[in-house]
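Beneath this line is the structure, given in structure tokens, with notes to follow.
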DNA sequence: TCTAAAGACTTCACACCTAAAGTTCAGACT
DNA sequence: AGTCTGAACTTTAGGTGTGAAGTCTTTAGA
């Protein structure tokens, strides 16, 4: 197995938090542990996804688009602008990404019949199959990641993460980037 | 405030998981909720960090390097190759990134005295100050994100995330990307 | 000591993203 | 109708990343 950017070579999480405490005493160790773990977990999982997706012949970027299209339901159709918003990209980036995916046969691009300014990106059968295969692989890996948690713990975890997400999504950050109270 | 890539326009998390269940019945809703929340939480937090760091005059990329250098302790010194490994980048990318940070006065670059193949990247006083300012801003925001969790819940959350991280970091993925049992 | 091999970093070519300008079409106002 | 404004997408220029090839130094062996 060749080394992939994103491999280890970091200090243990506990050690890392201890160093932060030493260098910046005001830090809350519990909070720091949570956010550092979130960030590292995410990076590691993305590396793992990339490896699996490569085996399927698609990229992480393409998988994101496939997921977004499936999530709107049949007929799995969305404009480049909407796709860009959902994925956190600029419309320009989406234009190029769609170019590549059309060339790969994962999606089609067609001008909208009723409004010729609009463009429709639609999943092909092959695109949907790829999504399904990718989901299967991802689900297996994800089950491994949470295998040390009991079903009760998983429920607790899901609940806490959801609450954090609600907080961050519902609040509009002010000029300092701090989050307001919810209405 | 101008719109930033990474803003909303996604379905609610619950709704998203429900769609996955409909399109791919084998999926475990609890697990899917956990991994989707992790991913979204991370993306939202990165957008927030970027906004705050912009106000400080540094980029997210530069902040990563500052963090890595602080984490090795005094004299806050590391080679480009080590930095690249810790940040999950190629050495080539780190060369360019360090170029920019040297130009900005955040770090210095010097050949190692005892082994002239090696290069030492070292934090400047200004770099350390920037790290401290960034930490302060980040800590405030992070406190907001977890404000709905009680201290007990935070401990539970930190513990569960740590266990997941241990699982993913300790296990070497096999050819299929699945994780082995720990030794 | 000379040379081969390995290691550490940089350079080069190319891929993908962002920001801003450009193009095309739809709807409103005169 | 004619023109203007705004919306949606594409194009262009420039920045940052990857992978592979290149340069320089160290180390080990003949």
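Chains as they are written, first to last, in the working numbering: chain A, 796 to 978; chain B, 796 to 978. Note that the Cβ used here is the ideal one computed from N, Cα and C, for glycine as well.
So residue 934/A and residue 821/B are in contact, right, with Cβ under 8 angstroms, and what is the actual spacing, rounded?
The residue you call residue 934/A lines up with position 139 of the first chain. The residue you call residue 821/B lines up with position 26 of the second chain. The pair is a contact, with the Cβ atoms about 7 angstroms apart (cut-off 8 angstroms).
Whole angstroms are fine: how far does the CA of residue 961/A sit from the CA of residue 873/A?
For the purposes of this step, residue 873/A is taken as residue 78 along the first chain, with counting starting at 1. For the purposes of this step, residue 961/A is taken as residue 166 along the first chain, with counting starting at 1. Their Cα atoms are separated by approximately 25 angstroms.
For residue 869/B, does the three-state DSSP call read helix, strand or coil?
Counting from 1 along the second chain, the entry for residue 869/B is found at position 74. The answer is coil: DSSP assigns residue 869/B none of H, G, I, E or B.
Under 8 angstroms from the C-beta of residue 806/B: neighbouring residues of chain A:
One-based indexing of the second chain puts residue 806/B at position 11. The contacting residues are 866.
For residue 910/B, three-class secondary structure by DSSP:
In the second chain, counting from the first residue as 1, residue 910/B sits at position 115. DSSP places residue 910/B in coil when its eight states are reduced to three.
From residue 926/B to residue 901/B, what distance separates their C-alpha atoms?
Your numbering for residue 926/B matches position 131 in the second chain. Your numbering for residue 901/B matches position 106 in the second chain. Rounded to whole angstroms, residue 926/B to residue 901/B spans 10 angstroms at the Cα level.
If you pair each beta-carbon of the stretch 815 to 835 of chain A with each one of the stretch 938 to 948 of chain B, do three or more pairs fall below 8 angstroms?
Remark: three or more beta-carbon pairs, one from each stretch, lie closer than 8 angstroms, so the stretch 815 to 835 of chain A and the stretch 938 to 948 of chain B are flagged as touching.
Which bits of chain A does residue 839/B rub up against, with CB to CB less than 8 angstroms?
Position 44 of the second chain holds residue 839/B. Result: 960, 963, 964.
Are at least three pairs of beta-carbons, each pair with one atom in the stretch 858 to 868 of chain A and one in the stretch 917 to 925 of chain A, less than 8 angstroms apart?
yes
For the alpha helix (DSSP H) holding residue 820/B, just list the boundary residues, first then last.
As a working note, residue 820/B is residue 25 in the second chain. Counting along the chain, residue 820/B falls outside any alpha helix (DSSP H), and DSSP gives it neither H nor E.
Looking at the secondary structure, which residues open and close the alpha helix (DSSP H) in which residue 933/B lies?
For the purposes of this step, residue 933/B is identified with residue 138 of the second chain, where counting begins at 1. Taken as a continuous stretch (DSSP letters only), the alpha helix (DSSP H) holding residue 933/B covers 920 to 940.
When you compare the CB of residue 957/A with every CB in chain B, is at least one pair closer than 8 angstroms?
The sequence position of residue 957/A within the first chain is 162, counting from 1. Answer yes: the Cβ-Cβ gap between residue 957/A and chain B drops below 8 angstroms somewhere.
Since I believe residue 837/B is in contact with residue 833/A (beta carbons under 8 angstroms), could you give me their beta-carbon distance rounded to a whole number of angstroms?
On the first chain, residue 833/A is found 38 positions in, with the first residue counted as 1. On the second chain, residue 837/B is found 42 positions in, with the first residue counted as 1. Between residue 837/B and residue 833/A the Cβ distance is about 6 angstroms, and since that is below 8 angstroms, they are a contact.
Which parts of the stretch 830 to 885 of chain A are runs of the alpha helix (DSSP H), unbroken and 4 residues or longer, counting only runs that do not cross its ends?
855 to 866, 875 to 882
Tell me which same chain residues have a C-beta within less than 7 angstroms of the C-beta of residue 870/B, skipping the five on either side of it?
Translated into the one-based positions of the second chain, residue 870/B becomes position 75. Here the set comprises 917.
Applying the 10 Å Cβ sphere with the 16-neighbour rule, what's the burial state of residue 945/A?
Position 150 of the first chain, counted from the first residue, corresponds to residue 945/A. Exposed, since its Cβ has fewer than 16 Cβ neighbours within 10 Å.
Opposite residue 916/A in the DSSP bridges: which residues?
On the first chain, residue 916/A is found 121 positions in, with the first residue counted as 1. According to DSSP, residue 916/A bridges with 873/A, 904/A.
Minimum C-alpha distance to residue 810/B - residue among 831/A, 868/A, 850/A, 839/A:
The residue labelled residue 810/B in the question sits at position 15 within the second chain. Nearest C-alpha to residue 810/B: 868/A.
Are any of the Cβ atoms in chain B nearer than 8 angstroms to that of residue 918/A?
By one-based count along the first chain, residue 918/A stands at place 123. Output row for residue 918/A: interface = no.
Please classify residue 843/A as buried or exposed, where buried requires at least 16 neighbouring CB atoms within 10 angstroms.
As a working mapping, residue 843/A is identified with position 48 in the first chain. So residue 843/A ends up on the buried side.
Are the CB atoms of residue 808/B and residue 951/A nearer to each other than 8 angstroms?
Stepping through the second chain from its first residue, residue 808/B is reached at position 13. Stepping through the first chain from its first residue, residue 951/A is reached at position 156. Their beta carbons are not under 8 angstroms apart, which means residue 808/B does not touch residue 951/A by this criterion.
Which of the three DSSP states, helix, strand or coil, is assigned to residue 809/A?
The sequence position of residue 809/A within the first chain is 14, counting from 1. Note: residue 809/A maps to helix in three-state DSSP.
Below-8 angstroms beta-carbon distance, residue 800/B vs any chain A residue:
Here residue 800/B refers to the residue found at position 5 of the second chain. The predicted position of residue 800/B is uncertain, since its pLDDT is 45 and thus under 50; no value can be drawn from it.
Since I believe residue 912/A is in contact with residue 904/A (beta carbons under 8 angstroms), could you give me their beta-carbon distance rounded to a whole number of angstroms?
As a first step, residue 904/A is located in the first chain; it is residue number 109 there, counting from the start. As a first step, residue 912/A is located in the first chain; it is residue number 117 there, counting from the start. For a cut-off of 8 angstroms, the C-beta gap from residue 904/A to residue 912/A is around 14 angstroms, too long to register as a contact.
C-alpha gap between residue 931/B and residue 876/A, whole angstroms
Taking the second chain and counting its residues from 1, one reaches residue 931/B at position 136. Taking the first chain and counting its residues from 1, one reaches residue 876/A at position 81. One C-alpha to the other measures close to 36 angstroms.
Mark residue 852/B as exposed unless 16 or more other C-beta atoms lie within 10 angstroms of its C-beta, in which case mark it buried.
Your numbering for residue 852/B matches position 57 in the second chain. Looking at its Cβ environment, which holds fewer than 16 other Cβ atoms inside 10 Å, residue 852/B is exposed.
To the nearest angstrom, report how far apart residue 806/B and residue 884/A are at their CA atoms.
For this step, residue 806/B is matched to residue 11 along the second chain. For this step, residue 884/A is matched to residue 89 along the first chain. For residue 806/B and residue 884/A, the distance between alpha carbons rounds to 17 angstroms.
Using a C-beta to C-beta distance shorter than 8 angstroms, which residues of chain A count as neighbours of residue 938/B?
Here residue 938/B refers to the residue found at position 143 when the second chain is read from its first residue. Near residue 938/B (Cβ distances below 8 angstroms), the residues of chain A are 823, 826.
Is residue 800/B helix, strand or coil when you go by DSSP?
Reading the second chain from its first residue, position 5 is the one you call residue 800/B. At residue 800/B, the pLDDT of 45 sits below 50, so the modelled position is not reliable and the matter cannot be decided from this model.
For a contact defined as C-beta to C-beta under 9 angstroms, what are the partners of residue 934/B on chain A?
The count along the second chain starts at 1 and reaches residue 934/B at position 139. Simply 819, 821, 822, 823, 826, 827.
Our contact map puts residue 955/A next to residue 948/B with C-beta atoms below 8 angstroms; I'd like the distance itself, whole angstroms only.
In the first chain, counting from the first residue as 1, residue 955/A sits at position 160. In the second chain, counting from the first residue as 1, residue 948/B sits at position 153. Yes, residue 955/A and residue 948/B are in contact; Cβ-Cβ is about 6 angstroms, under 8 angstroms.
As a quick exercise: from 812/A, 919/A, 846/A, 889/A, pick the residue whose alpha carbon is nearest that of residue 831/A.
Position 36 of the first chain holds residue 831/A. When only C-alpha atoms are compared, the closest one is 812/A.
Within a Cβ cutoff of 6 angstroms, which residues of the same chain sit near residue 817/B, ignoring the five residues on either side of it in sequence?
The residue labelled residue 817/B in the question sits at position 22 within the second chain. Once the five neighbours on either side are set aside, residue 817/B has no close Cβ partner at all.
I think residue 860/B touches residue 906/B, with their Cβ atoms under 8 angstroms apart; what is that distance to the nearest whole Å?
Here residue 860/B refers to the residue found at position 65 when the second chain is read from its first residue. Here residue 906/B refers to the residue found at position 111 when the second chain is read from its first residue. With 8 angstroms as the limit, residue 860/B and residue 906/B do not qualify as a contact, their Cβ atoms being about 19 angstroms apart.
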